[in-house]
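Here our numbering is used: position 50 in the sequence shown is 415, and no number is missing along the way.
The beta carbon of each residue, even a glycine, is placed where N, CA and C say it ideally should be.
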Amino acid sequence: MRLAQDLKEIAGKIVAVLTGDGISEKHVLEALAEKYDGKGKVLFFPRLTISLMPGSGLNALKAVKIYVEKYGVMHSLFLVDREKFREKENVGEKVEEALRSFGINVRNIESFQKHGRHSQFVKISVGKHEATLYVVVFGERKSIQEDIVKLMKIELGTKTDPNKRAIRTELRKLGLDEYSLLKKAKDKSLRIAFPGLDFALKKIDA
């Protein structure tokens with residue numbers, strides 16, 4: 366499955382990628398997505414300058430309606446860190462609440478949870494249009510850095526604090542960076558470290 370950052374590059378079914386935190390998820394998505402065929406689907410990961418990036422956290426879900434109504438894009442993938450939800454907050458309920466507040470009707474939610482990681486497959490409608498949304502929540506307690514540290518432990522046998530600086534320092538000692546770690550990692554390791562994203566990509570690939 367290919368990832369593109371320019372709509373002009375895409376010839377096929379588009380899956381719009383929305384992030385609740387910025388673009389730190391791009392390398393992870395790119396590394397895992399290439400393990401799937403995609404069946405003609407292309408992941409569109411817009412640059413930060415694009416006007417379709419309305420805010421952070423759950424506010425990024427506003428773009429789902431814009432994609433459907435303005436561009437006819439019926440599939441979206443939403444990536445967000447666990448810290449965007451309160452500790453005991455139900456992720457599915459919070460996502461549904463946010464979608465409805467943005468004028469998006471929720472028809473059905475299929476939830477997935479493994480090792481404290483959450484993911485949802487959501488059937489939605491915007492006006493007369495039926496669409497799908499894939500939600501991936503990174504991290505057990507805070508962020509995607511927890512998942513990257515888990516991958517480092519599996520692949521490299523290291524124990525590192527789950528923050529950007531510590532990860533960068535540890536990888537430099539080994540002559541690596543985040544991107545090279547992800548590119549070299551075994552398929553099985555990536556799926557164990559990022560189970561929510563694996564669930565979503567399997568759904569997209571189906």
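DSSP three-state call for N424: helix, strand or coil?
helix
Element boundaries [alpha helix (DSSP H), containing V460]:
V456 to S466
Would you identify the three-state DSSP class for F409, choosing helix, strand or coil?
strand
So that I know if they touch, is there some Cβ in chain D lying closer than 9 Å to that of G385?
In the structure shown, chain D does not exist; there is a single protein chain.
I'd like the list of long-range same chain contacts for L555, defined as Cβ closer than 6 Å, with 5 residues on each side in sequence excluded.
L397
Give the range of the alpha helix (DSSP H) segment to which T534 is assigned.
K529 to K538
Alpha carbon to alpha carbon, how far is R482 from Y436?
31 Å
Pull up the DSSP beta-bridge partners for K479, would you.
R482
Limits of the alpha helix (DSSP H) - the one that K524 falls within:
Counting along the chain, K524 falls outside any alpha helix (DSSP H), and DSSP gives it neither H nor E.
Expressed to the nearest angstrom, what Euclidean distance is found between the alpha-carbon atoms of A531 and M517?
12 Å
Select from E395, Y432 and E448 the residue whose C-alpha is nearest the C-alpha of Q510.
E448
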